[in-house]
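Novice: Sharing a structure below in structure tokens format, with a few things to ask.
Number of protein chains: 4
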Amino acid sequence: MDRGGHGGDGGGLHKVPLSNPERRREVFDVVLGLLAEVGYERFTMDLVAQRARASKATLYQRWPSKAELVVAALQEHQPVVTGPDTGSLVGDLRQVLLSWLAGWDARDRGLMLALLEGSRRDEELARLRRDRLGSPIRRAAEAALARARRRGEIAPRIDEELALELPFALLLMHVLVLDEEPSRALVDRIVDGLLTPLLSTSGERPE
Amino acid sequence: MDRGGHGGDGGGLHKVPLSNPERRREVFDVVLGLLAEVGYERFTMDLVAQRARASKATLYQRWPSKAELVVAALQEHQPVVTGPDTGSLVGDLRQVLLSWLAGWDARDRGLMLALLEGSRRDEELARLRRDRLGSPIRRAAEAALARARRRGEIAPRIDEELALELPFALLLMHVLVLDEEPSRALVDRIVDGLLTPLLSTSGERPE
Amino acid sequence: MDRGGHGGDGGGLHKVPLSNPERRREVFDVVLGLLAEVGYERFTMDLVAQRARASKATLYQRWPSKAELVVAALQEHQPVVTGPDTGSLVGDLRQVLLSWLAGWDARDRGLMLALLEGSRRDEELARLRRDRLGSPIRRAAEAALARARRRGEIAPRIDEELALELPFALLLMHVLVLDEEPSRALVDRIVDGLLTPLLSTSGERPE
Amino acid sequence: MDRGGHGGDGGGLHKVPLSNPERRREVFDVVLGLLAEVGYERFTMDLVAQRARASKATLYQRWPSKAELVVAALQEHQPVVTGPDTGSLVGDLRQVLLSWLAGWDARDRGLMLALLEGSRRDEELARLRRDRLGSPIRRAAEAALARARRRGEIAPRIDEELALELPFALLLMHVLVLDEEPSRALVDRIVDGLLTPLLSTSGERPE
DNA sequence: TATGAATGAGGTTTCATTCAT
DNA sequence: GATGAATGAAACCTCATTCAT
């Protein structure tokens with residue numbers, strides 16, 4: 000399409016072997032971009048090959064099927080969510096959500112959809128979906144909860160498990176169903192308007 | 000599935016013109032079943048034709064494209080959610096959720112996924128998705144909220160809009176991401192473990 | 000390739016539906032020609048489509064796979080071998096062989112090879128091979144043998160089963176291994192030079 | 000299969016240059032095994048490389064094409080058929096057949112088929128086929144015939160050339176068409192039930 | 001010399017859609 | 001109005017062969 004020239008096409012490690020880690024990342028980038036753009040079914044090896052300036056045969060040499068290429072690319076796209084100890088449960092949760100927000104990538108909405116879609120055809124992807132969509136924040140949030148318990152911060156009558164799921168469920172819904180990009184504003188509404196009244200003994204809003 | 004008639008290859012109304020409303024419903028049933036089963040992309044006109052015992056050409060005569068057939072079928076599959084006045088906000092919300100739960104159809108998880116998937120290709124489906132997944136309960140819940148406001152039941156510091164979204168967001172996540180069927184138990188956990196502590200001034204749990 | 004004109008391409012029932020028996024035969028003719036020409040593995044649906052002036056999709060509508068198309072075409076290519084009663088076993092056998100020879104088709108050598116080749120991949124073809132290559136003459140020959148037995152024509156110490164296989168085995172070998180076309184001369188050598196001394200009590204050579 | 004060595008991934012001589020005769024034989028063994036297993040067309044260089052633990056590039060360095068590799072391997076797989084002088088023509092022929100039977104290799108049926116198949120694409124293979132399938136026994140048999148002539152053992156009215164072809168043609172047919180392994184029993188039937196009555200003046204059956 | 005990697009040119013099969021009856 | 005049949009345009013995957021190290 001663009002026959003290169005004065006830059007274009009994204010730099011071009013092409014001709015570099017796929018074993019090269021940078022080249023590999025380049026391919027994964029194409030894969031993730033494509034997945035986000037068109038979803039799992041319309042994602043074609045031809046398109047990947049074209050954009051990555053590789054031949055399909057080359058791709059197939061490294062990843063023996065479309066499914067495996069997709070899985071590999073997604074597996075390497077693990078977001079890192081950290082949750083520092085702020086001293087209060089709600090404060091900790093806010094940090095977890097903000098950390099997740101900071102790691103949010105423009106392609107992530109599309110990738111989530113692709114994952115839901117593809118997981119219907121491929122069991123490996125289904126596993127990935129449960130892991131990835133079901134718990135990215137969850138894990139960090141659980142650590143925060145553990146700390147809260149040790150501190151004796153208890154919220155009686157609260158279903159703690161659901162309370163932890165709550166922020167992610169809301170974010171997910173806004174993103175997937177309502178086509179919104181996740182925003183600091185939404186995180187604040189969730190933390191201040193729901194989590195704080197629900198869990199807080201302190202958890203004041205910082206900054 | 001087909002409650003048959005006077006025998007033959009599975010009964011049904013095939014050979015009856017598509018203008019006939021019952022025949023129409025029959026076709027939609029096939030469409031919804033297929034969508035739920037395989038999703039939007041693997042849904043093929045051939046399969047519809049086969050299962051509905053019609054010819055593809057006939058289908059195309061009534062619905063000029065795959066997308067339009069899908070949209071038409073989904074539009075006719077509107078769940079009805081009612082919410083009687085129980086006297087308290089939480090009580091009302093519980094009723095709304097139970098009513099939604101009662102209308103839940105085994106195909107609905109699949110249809111939600113199909114909708115997410117297809118809405119990527121077709122703007123009409125995208126609209127449907129926002130409407131359908133974004134607000135089925137919402138509408139009824141909003142009525143309950145209005146009543147609560149009139150009663151002066153106020154939850155200070157609560158983000159009411161998010162609070163209304165919350166139960167559906169959780170249900171959605173459990174259904175779509177964790178592969179669970181929605182259950183009375185989950186509804187109870189949401190109402191008793193989250194909504195009640197959040198909103199309740201009373202809202203006791205009925206039998 | 001040849002865009003028709005003043006004849007060419009073999010008549011051209013193309014555009015006629017594949018359900019039409021004559022069109023069907025036309026396709027089979029292309030299939031058999033191709034099989035004979037290039038064998039089973041190099042036989043491609045593309046080539047068939049091109050030569051038969053049909054689209055691949057059309058072919059796939061009628062025959063759901065390459066293997067099934069091949070099997071169908073071969074099944075319709077049954078040679079007819081008759082064996083009149085000449086009064087003597089050797090005379091009868093000669094007739095059977097001559098009848099087989101008369102039905103010989105220039106493509107048959109290629110088809111035999113294709114059958115051997117394809118039968119390695121497809122069990123249906125393997126069955127066909129055993130039937131077709133193992134017994135075309137055999138059946139007629141057995142009838143002749145039965146008559147001989149009724150007449151009391153007995154060849155002591157002869158393995159009759161092998162004796163019946165003998166002419167076909169020799170023809171097969173000359174055809175498959177030595178690239179010869181089967182000929183009247185070869186049949187005569189077999190009958191006069193082997194079968195007669197082996198079986199004959201009379202069996203004079205006619206004409 | 001691999002009689003191993005000091006451990007490792009299955010032993011073998013991989014990493015040893017292809018110029019080494021033992022390594023060469025090892026590769027040919029892989030080639031023959033593969034040919035017998037899957038035939039000529041499904042025989043892939045990838046598979047050879049894999050099983051022989053060599054790289055395709057290495058193979059291509061020694062044999063410039065698939066066809067040449069196959070030819071080379073087959074050429075080295077010449078069966079040895081001997082035929083001692085037993086004093087009678089039929090006795091000699093039996094020895095020839097038994098010698099051939101003794102040299103029969105489990106892969107040989109597959110190799111014959113592969114040869115028939117491949118000889119359609121490659122003239123070199125076609126030559127090989129005519130030589131290999133057309134005459135393995137023939138040559139030894141001819142020597143026996145020459146001795147018989149010198150002894151004055153004459154079979155009048157017999158087509159001697161065909162008579163010599165006969166046993167091999169029958170064996171070939173049983174092997175290729177009927178999927179039988181060649182057996183002592185079949186050889187005996189051929190010798191005792193056909194050759195003896197046809198040619199014999201003595202030729203008694205030995206132990 | 002041996003090899004890891006790349007690739008052009010297919011090969012089978014599928015699908016939304018359109019004709020002709 | 002209903003249908004059997006046809007089809008162009010992909011999609012996934014494979015293979016003999018060639019480079020570059």
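Protein chains in written order, with numbering that gives the first Met the number 0: chain A, 0 to 206; chain B, 0 to 206; chain C, 0 to 206; chain D, 0 to 206. Just so it is clear, CB atoms sit at the ideal spot from N, CA and C, and this is done for glycine as well.
Relative to the C-alpha of D/E75, which candidate in D/D191, D/D178, D/E25 has its C-alpha closest?
Specialist: When only C-alpha atoms are compared, the closest one is D/E25.
Novice: Tell whether a beta-carbon distance below 8 Å holds between C/L34 and C/F42.
Specialist: In contact: C/L34 and C/F42 (Cβ atoms closer than 8 Å).
Novice: Please identify the residue among A/W62, A/L177, A/Y59, A/V69 whose C-alpha is closest to the C-alpha of A/E122.
Specialist: Looking at the Cα atoms, A/V69 is the closest of the given residues.
Novice: Do the region 127-146 of chain C and the region 91-101 of chain C touch if we need at least three Cβ pairs shorter than 8 Å?
Specialist: With a cut-off of 8 Å, the region 91-101 of chain C and the region 127-146 of chain C count as touching, because enough Cβ pairs lie within range.
Novice: Does the pairing of the region 104-112 of chain A with the region 165-184 of chain A give three or more beta-carbon distances under 8 Å?
Specialist: Flag = yes, the region 104-112 of chain A and the region 165-184 of chain A touch.
Novice: Under 9 Å, CB to CB, which of the residues in the region 155-181 of chain D have a partner in chain C?
Specialist: Cβ contacts with chain C come from P155, R156, I157, D158, E159, E160, L161, A162, E164, L165, F167, A168, L169, L170, L171, M172, H173, L175, V176, L177, D178.
Novice: Relative to the alpha-carbon of D/E159, which residue among C/L193, C/G151, C/L161 has its alpha-carbon at the smallest distance?
Specialist: Cα-wise, what sits closest to D/E159 is C/L193.
Novice: Can you find the residues in the same chain that come closer than 6 Å, C-beta to C-beta, to D/L161, ignoring five residues on each side of it along the sequence?
Specialist: Here the set comprises nothing.
Novice: Could you tell me which of C/D84, C/E116, C/E152, C/L170 sits nearest to C/G38, measuring between CA atoms?
Specialist: Ranking C/D84, C/E116, C/E152, C/L170 by Cα distance to C/G38 puts C/E116 first.
Novice: Alpha carbons only, please: which of D/L17, D/R131, D/S134, D/A147 is nearest the one belonging to D/Q60?
Specialist: The shortest C-alpha separation from D/Q60 is found at D/L17.
Novice: Of all the options C/D104, C/L163, C/L127, which has the alpha carbon lying nearest to the alpha carbon of C/V174?
Specialist: Of the listed residues, the one whose Cα sits closest to C/V174 is C/D104.
Novice: Between the beta-carbon of C/R129 and the beta-carbon of D/L177, is there less than 8 Å?
Specialist: Yes; because the gap between Cβ atoms is below 8 Å, this pair is in contact.
Novice: Report the rounded CA-to-CA distance for D/P155 versus D/P20, giving the unit in angstroms.
Specialist: Going by the C-alpha atoms only, they are around 51 Å apart.
Novice: Let me know the secondary structure DSSP gives C/G3 once reduced to three states.
Specialist: Only weak support exists for where C/G3 lies, its pLDDT of 36 falling under 50; the value from the coordinates is given anyway. Looking at C/G3 - three-state DSSP - the assignment turns out to be coil, as it is neither helix nor strand.
Novice: Is the beta carbon of B/L144 closer than 8 Å to that of B/L163?
Specialist: In this structure, B/L144 lies closer than 8 Å to B/L163 by Cβ.
Novice: Among D/V47, D/F167, D/W99, which one has its Cα closest to the Cα of D/P78?
Specialist: D/P78 has its Cα closest to that of D/W99, out of D/V47, D/F167, D/W99.
Novice: Using only CA atoms, which one of B/D45, B/A66, B/D187 lies nearest to B/R120?
Specialist: Minimum Cα distance to B/R120 is reached at B/A66.
Novice: Using a C-beta to C-beta distance shorter than 7 Å, which residues of chain C count as neighbours of D/L115?
Specialist: Per Cβ cutoff of 7 Å: L112, L115, L175.
Novice: Buried or exposed, going by whether 16 or more other CB atoms sit within 10 Å of the CB of D/V15?
Specialist: Classification of D/V15: exposed, given that the 10 Å Cβ count is below 16.
Novice: Using a Cβ cut-off of 8 Å (strictly closer), state whether D/I153 contacts chain C.
Specialist: No, because no Cβ of chain C sits closer than 8 Å to the Cβ of D/I153.
Novice: Go through its chain and collect everything with a Cβ distance to A/F27's Cβ below 6 Å, but skip five positions before and after it.
Specialist: So the list reads A72, E75, once near-sequence residues are dropped.
Novice: Between B/F167 and the rest of its own chain, which residues show a CB-CB distance below 6 Å, the 5 nearest in sequence each way excluded?
Specialist: Cβ neighbours of B/F167 beyond the five flanking positions: I136.
Novice: Could you give the first and the last residue of the continuous alpha helix (DSSP H) run that contains D/A113?
Specialist: Note, D/A113: alpha helix (DSSP H), 107-117.
Novice: Just the chain D side, please: which residues come within less than 7 Å of C/I189 by C-beta, in chain order?
Specialist: Simply L161.
Novice: What residue range is occupied by the uninterrupted alpha helix (DSSP H) comprising C/R52?
Specialist: First-last for C/R52: undefined, no H or E at that position.
Novice: So with Cβ pairs under 8 Å, would you call B/L132 a contact of chain A?
Specialist: Answer yes: the Cβ-Cβ gap between B/L132 and chain A drops below 8 Å somewhere.
Novice: With DSSP as the reference, label C/W99 as helix, strand or coil.
Specialist: Reduced to three states, the DSSP call for C/W99 is helix.
Novice: Taking CB distances under 8 Å as the criterion, tell me whether D/L127 reaches chain C.
Specialist: So no, D/L127 is outside the interface.
Novice: Can you tell me where the alpha helix (DSSP H) holding B/E40 begins and where it ends?
Specialist: Where B/E40 is concerned, the enclosing alpha helix (DSSP H) stretches over 20-41.
Novice: How far does the alpha helix (DSSP H) with B/P196 in it extend, from its first residue to its last?
Specialist: That run of the alpha helix (DSSP H) goes 195-198.
Novice: Kindly give me the distance between the Cβ atoms of D/S87 and D/E152, rounded to whole angstroms, as I take these residues to be in contact under 8 Å.
Specialist: Rounded, the Cβ-Cβ distance is 7 Å, consistent with contact.
Novice: Just tell me which of D/S118, D/L114, D/L165 has its CA closest to the CA of D/E36.
Specialist: Closest option to D/E36, Cα to Cα, is D/L114.
Novice: So for B/L177, helix, strand or coil by DSSP?
Specialist: Here B/L177 sits in coil by DSSP.
Novice: Can you tell which of A/R146, A/S64, A/L171 has its C-alpha closest to the C-alpha of A/P83?
Specialist: Nearest C-alpha to A/P83: A/R146.
Novice: Can you look up B/D121 in the DSSP assignment and give me helix, strand or coil?
Specialist: Three-state DSSP puts B/D121 in coil, outside helix and strand.
Novice: Rounded to the nearest angstrom, what separates C/L185 and D/S118 at their Cα positions?
Specialist: Those two C-alpha atoms are separated by around 24 Å.
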